[in-house]
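Below is one structure, written out as structure tokens, with a few remarks after it.
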Amino acid sequence: MNERRRLWFVNWPLVAVGAALLVMGCLMVQSATSGMKGGSGLYARQLLGIAIGMVPLVVAWGFDYRKLEGWVGPLVVLDALLIISPRLPGIGARVNGAASWLAVGGFRLFQPSEPAKLVTIVAIAAIIASYKGVIDKPRDVARILSIIAIPLVLILAQPDLGTGMVFLAISAGMLLIGGLSPRWFIILGLSGALLVVTVFGLNEVLNKTLQRGPYNPAYVAAVKAAKGDTSASTVQSIADTSVLVKQYQMNRLLVFVDASRDPKGAGYNLEQSKIAIGSGQLTGAGLRSGTQSNLRFLPEQHTDFIFSVTGEELGFLGGVLLLGLYLVLLVVSLEISAQSRDLFGSLIVAGIMSMWTFQILENMGMTMGLMPITGIPLPFMSFGSSFMVTNLMAMGMVLSVWTRRRGVPGY
Amino acid sequence: MLCVLGVLLAKLWSMQVLHGEDYAKAAVANRVSSYTVSAPRGRILDRKGRLLVANKSTMAVYVDPAFSYVTSSGKRVKNSGLFERLATVLGMPETDVEKKAFSVKEQALAPRMVAISASEQAVAYISEHPDLFKGVDVRPEPIRRYPKGTLAAHVLGYTGEVSEDQIAASGPNGYKYGDIVGKAGAEEEFEKVLQGDRGERVVEIDAQGRPQRVLSNTEPTPGHDVVLTIDSKVQAVTEHALAQALDDAHKAKFSNAHAGAAVAIDVHTGDVIAMASVPAYDPSMFLNGMTDKQWASLTATASNDPLTNRAISGLYPSASTFKAMTGLGALQNHLITPNTTVDCVGRWTEMGKPWAKWCWNHAGHGIEDFHTAVRDSCDSYFYHVGYLFYKDGGEKLQKYARRFGFGEHSGLDLPGELSGRVPDAAWKLSYFQNYPELQKWQPGDEVNLAIGQGDLLVTPLQLADAYAGIANGGKVMTPHIMERVLAPDGKTVLSYKPKVAFDSKTSASNLATMKSALVAVTQQGGTGYGAFAGFPVKVAGKTGTAQVAGKDDYAWFVGFAPADKPKYAVAVLVEQGGHGGSIAGPAARQIFGALLGEKITHVSATDTSR
Chain A
1 MNERRRLWFV
11 NWPLVAVGAA
21 LLVMGCLMVQ
31 SATSGMKGGS
41 GLYARQLLGI
51 AIGMVPLVVA
61 WGFDYRKLEG
71 WVGPLVVLDA
81 LLIISPRLPG
91 IGARVNGAAS
101 WLAVGGFRLF
111 QPSEPAKLVT
121 IVAIAAIIAS
131 YKGVIDKPRD
141 VARILSIIAI
151 PLVLILAQPD
161 LGTGMVFLAI
171 SAGMLLIGGL
181 SPRWFIILGL
191 SGALLVVTVF
201 GLNEVLNKTL
211 QRGPYNPAYV
221 AAVKAAKGDT
231 SASTVQSIAD
241 TSVLVKQYQM
251 NRLLVFVDAS
261 RDPKGAGYNL
271 EQSKIAIGSG
281 QLTGAGLRSG
291 TQSNLRFLPE
301 QHTDFIFSVT
311 GEELGFLGGV
321 LLLGLYLVLL
331 VVSLEISAQS
341 RDLFGSLIVA
351 GIMSMWTFQI
361 LENMGMTMGL
371 MPITGIPLPF
381 MSFGSSFMVT
391 NLMAMGMVLS
401 VWTRRRGVPG
411 Y
Chain B
1001 MLCVLGVLLA
1011 KLWSMQVLHG
1021 EDYAKAAVAN
1031 RVSSYTVSAP
1041 RGRILDRKGR
1051 LLVANKSTMA
1061 VYVDPAFSYV
1071 TSSGKRVKNS
1081 GLFERLATVL
1091 GMPETDVEKK
1101 AFSVKEQALA
1111 PRMVAISASE
1121 QAVAYISEHP
1131 DLFKGVDVRP
1141 EPIRRYPKGT
1151 LAAHVLGYTG
1161 EVSEDQIAAS
1171 GPNGYKYGDI
1181 VGKAGAEEEF
1191 EKVLQGDRGE
1201 RVVEIDAQGR
1211 PQRVLSNTEP
1221 TPGHDVVLTI
1231 DSKVQAVTEH
1241 ALAQALDDAH
1251 KAKFSNAHAG
1261 AAVAIDVHTG
1271 DVIAMASVPA
1281 YDPSMFLNGM
1291 TDKQWASLTA
1301 TASNDPLTNR
1311 AISGLYPSAS
1321 TFKAMTGLGA
1331 LQNHLITPNT
1341 TVDCVGRWTE
1351 MGKPWAKWCW
1361 NHAGHGIEDF
1371 HTAVRDSCDS
1381 YFYHVGYLFY
1391 KDGGEKLQKY
1401 ARRFGFGEHS
1411 GLDLPGELSG
1421 RVPDAAWKLS
1431 YFQNYPELQK
1441 WQPGDEVNLA
1451 IGQGDLLVTP
1461 LQLADAYAGI
1471 ANGGKVMTPH
1481 IMERVLAPDG
1491 KTVLSYKPKV
1501 AFDSKTSASN
1511 LATMKSALVA
1521 VTQQGGTGYG
1531 AFAGFPVKVA
1541 GKTGTAQVAG
1551 KDDYAWFVGF
1561 APADKPKYAV
1571 AVLVEQGGHG
1581 GSIAGPAARQ
1591 IFGALLGEKI
1601 THVSATDTSR
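If you read the sequences in order, they're chains A and B.
Last residue of the first sequence: 411 (our numbering), numbering continuous.
Last residue of the second sequence: 1610 (our numbering), numbering continuous.
So, in structure tokens, the structure goes:
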């Protein structure tokens, strides 16, 4: 009893499942990078990322989250700054054509869109909490949505569709816990769908009238010159002048509908990922024995497609183990959310849960062909320090809510 | 939340447990690739074990198809930079390099050969600049080597890429695109033994198609060596003698003499010791893909068909050399005896004045018996004999000629042999079916046949065979070019056993009568004396001077030696070379010299006979 009392602030199931996930993730990253040039360096960086992540975890844990409740304005400003920071001269860096890194003197520090997710969660939690669990008036809804819209629009403008979808999922989860009435969910869902249709339709109309993208006369000529091969590089670069929806995004969506459209292009990644997972069968090929990953048939195997390696090398049993760990993580988080001293804490945990859930669904789903391919990594598993540190910090925030839960004296 | 995890679990179950095996198969198909390794062709040796056709290791330049494309800003594009560099280094047009690099004739992952026999500088440059030539492999590739140049080109033949028909005919485990096969001569005839068994290499490849490790490796089995009956020294003399015969003909004002053939065979075994045909070609021209100009030079009319082996594919009237068959046939059929005489007055009128025929010696030979008629090649005597055959009926001369192999394939183990023609009534009937007035077999046809003119067509090999038959107790052995087949380890796996091809069923006494007459041909007073005067070994033979409409006379000599204990038979033909005794005879003398180990001398002789 004394023992338990002394460590009352530790949620053992959460810590245990987090540790288990980290161990499993390390094993998989190690296996996935073992055959690569500089693979051990990548593995070391992953371990370093975990070590660094322990600092924000402990800080967030010890920090009383409630102090942030009244800081909606500064939080939104910080959020916006984080999101646009890679575009600022001097500190931003472009990687693979997208401005998504902060760098000093050419040395890449981290991707600010990762911590921005947490800032977004706290900011939205703060604004929703102020309505005490009843959100029904159009004015209140409008106010909340306008706050949500700021980071969402900024991240979509990057353009980072994947992170934008994470923001949407976070918002939806928190609105649900925060007491948004069901009719608003229906209204918002429908208008969201309408918006998507409008964007695609507008894209088509604008392309047509401005003669951009596939309506560019140069595109038509280039396709003809390439003898109908729409994957030729000159053709693609002209197609990417499309106004709203980039051609590669369009292609990913089309491939998601029918992977055989482009077996060597965007569909190739999906096909190889499915082969990797499927070939794992019940027990898997064993660590470092997956041919799909060792022979590099898998794309981005240590980052976005880490689950493909897991499926191939650990099989169905490994997959069930991983899903089981995530189940425990989410159920324990839900329990912590329910036991929060206040709505603000519940909402923070709910936002983090939503983030994790969506990322698990999107990442594992895309490797199996259930979701379109986006650059969303798998929490605690994928290689990537910014992502790892952010998730560890999220873990610290959940623990912070747990430590200050209802019925615990002294808070 | 539960719903999300449940969906993922269900999908995982479906993929890994329900359809896992299909995906596992797809994974294997992804990573396993096999390609074949061609086997070195067997070598061809002469009877003394000297190399006639061997292999040499040249450097071939291959491009791995995985590097034929590059990824440029996320798209797969042709690796033009690489092809440009290769074209420059190899000195070939870029389009040719690309054509070969993108050849669809190979297995998908097999490296494409873009150049063979690459120069040393090119190989050195490529090896020293691995960064510029990623995906380019330079490795030794055996190709045919001809240590003796053009020697015996027609016997050896040449190699080339397998044809679509051959691939189709060879079945699923047979040839594949790009295989090198024999296209003519011994290369074609012995293709099955020369061709080895290709090896197969099964490799694990990565996503770029680059081999990672060898999963299984079946080494290629080299083809078997073929030992020919050819003696390359005699062959060289034979070819040289033919060339000199053409020279002699030119000097004798026969300026149209451009072609000829010669054969030397062992009369007891049928071994072909030498077989030459001029003009010849260089078999190495076929190795690296021929230019249009080279091909034109081989096929132009002015080139006189250098690809044709005239010793077996050339058809000629045999002229007086056939008188040996006529004479022996008449003796054998009791139409004449050695003592039968004819009074040659230069013009033979036995069938009546309208059908009078000239003897080549318009002055007349006077009274000729069998012996002197053969020696002098007296036409009048053999006109008479031919007329006797006609009156006797039953086409006995034709039947007898066929028993020496005329009008038939000899059975030689080389492709492209023609069977020639022994004209008879049935042939004439069908040959002139649109000209009824010409269909009937006339006495004149028989008389012309008796002196080897008219419609008789023979190959030089057939004539050599027939005379070998006279030398070999009337039995013609099957001529053959293959003596032994050796396994790659040098063990003999097949030896040729001599067999009789034709039996003329001629009595020993008649053969002796003929032999002594043929010996007289090369002795003082004979038509072949000029060619063989002073030759230390007695030669039995016959000259021939064939008349061909619109052409200069064709010169023949055919005979065997030593006359007392025959060993070799030789036939020499020079197209439009003039007289047999003066043009073909001296060449035959040199060939006999080489065969019998005698001094090889080039003599000039004068002969005006037919």
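All C-beta atoms, glycine included, are put in the ideal place defined by N, C-alpha and C.
Between Ala1124/B and Leu1090/B the beta-carbon gap is near 13 Å, outside 8 Å, which marks them as no contact.
Residues Gly1270, Gly1405, Ser1410, Gly1411, Asp1465, Val1476, Met1477, Thr1478, Pro1479 of the same chain have their beta carbon placed closer than 8 Å to that of Ala1501/B, with the five preceding and five following residues left out of the count. By the Cβ test, the region 1233-1243 of chain B is not in contact with the region 1529-1549 of chain B, since fewer than three Cβ pairs between them sit closer than 8 Å. Under the Cβ criterion of 8 Å, Ala1027/B is counted among the residues facing chain A. Under the Cβ distance rule, Gln249/A does not count among the residues neighbouring chain B, no pair being separated by less than 8 Å.
Of all residues in the region 293-304 of chain A, only Leu295, Arg296, Phe297 come within less than 7 Å of chain B when Cβ atoms are compared, listed by chain position. Asn1472/B counts as buried, since no fewer than 16 other beta carbons sit within 10 angstroms of its beta carbon. Taking the CA atoms as reference points, Gln1244/B sits about 11 Å from Thr1601/B. Nearest CB-CB separation between Val1017/B and chain A: below the 8 Å threshold.
Bounds of the alpha helix (DSSP H) holding Gln1332/B are 1323-1332. Along the region 267-294 of chain A, the positions whose C-beta sits under 8 Å from a C-beta of chain B are Gln272, Lys274, Ile275, Ala276, Ile277, Gly278, Ser279, Gly280, Gln281, Leu282, Thr291, Gln292, read in chain order. For Asn1079/B, none of the residues of chain A pass the 8 Å Cβ criterion, the least Cβ distance being about 13 Å. Around the C-beta of His1362/B, fewer than 16 other C-beta atoms lie within 10 Å, and the residue is accordingly described as exposed.
Comparing C-alpha distances from Gly1135/B to each of Gly1420/B, Ser1034/B, Gly1081/B, Ala1118/B shows the shortest one belongs to Gly1081/B. By the criterion of a C-beta distance shorter than 8 Å, Ile1481/B is surrounded in its chain by Val1155, Ala1186, Glu1189, Leu1228, Thr1229, Ile1230, Val1272, Met1275, Leu1412, Asp1413, Leu1414, once the five residues flanking it on both sides are discounted. In the three-state scheme derived from DSSP, where H, G and I count as helix and E and B as strand, Ser1604/B is classed as coil. Apart from the 5 residues on each side of it in sequence, Ser400/A sits with its Cβ closer than 7 Å to the Cβ of Ala60, Trp61, Phe63, Tyr65 in its chain, given in chain order. Below 8 Å, enough C-beta pairs join the region 1047-1054 of chain B and the region 1143-1155 of chain B to call them touching: three or more.
Counting the other Cβ atoms within 10 Å of the Cβ of Cys1359/B gives 16 or more, which makes it buried.
A check of alpha carbon separations from Ile373/A across Leu327/A, Phe305/A, Phe297/A, Leu156/A identifies Phe305/A as the nearest. CA-to-CA, the gap between Asp1369/B and Leu1246/B works out to about 35 Å.
Beyond the five residues adjoining it in sequence on each side, Leu1596/B comes within less than 8 Å, by CB distance, of Val1537, Ala1561, Pro1562, Lys1567, Tyr1568 in the same chain, given in chain order. Burial check for Thr367/A: the Cβ neighbour count within 10 Å reaches 16 or more, so the residue is buried. Membership of Met1482/B in the beta strand (DSSP E) is indicated by the continuous run 1482-1486. One finds Leu295 in chain A with Cβ atoms closer than 8 Å to the Cβ of Gln1212/B, taken in chain order.
Contacts with chain A (Cβ-Cβ distance below 8 Å) from the region 1177-1206 of chain B involve Glu1204, Ile1205, Asp1206, listed in chain order.
Annotation for Arg1031/B: Glu1204, Ile1205 place their beta carbon closer than 7 Å to its own, counting only its chain and skipping 5 residues before and after. Beta-bridge partners assigned by DSSP to Ala1060/B: Arg1139/B. The region 1276-1292 of chain B and the region 1387-1395 of chain B do not touch, with fewer than 3 CB-CB distances between them shorter than 8 Å. In this model, Lys1428/B and Gln1576/B are separated by some 27 Å (Cα to Cα). For Val1162/B, the number of other beta carbons within 10 angstroms of its own is at least 16, and it is reported as buried. Using beta-carbon distances, Arg1031/B counts as an interface residue toward chain A, with a partner under 8 Å.
Within chain B, not a single residue places a beta-carbon under 8 Å from that of Phe167/A; the smallest gap is close to 18 Å. Out of Asp1376/B, Leu1331/B, Ala1330/B, Gly1386/B, the CA that lies nearest to the CA of Lys1357/B is found in Gly1386/B. Here Met54/A carries a helix assignment [DSSP, helix/strand/coil]. Interface residue (Cβ-Cβ distance to chain B less than 8 Å): Leu161/A is not classified as such.
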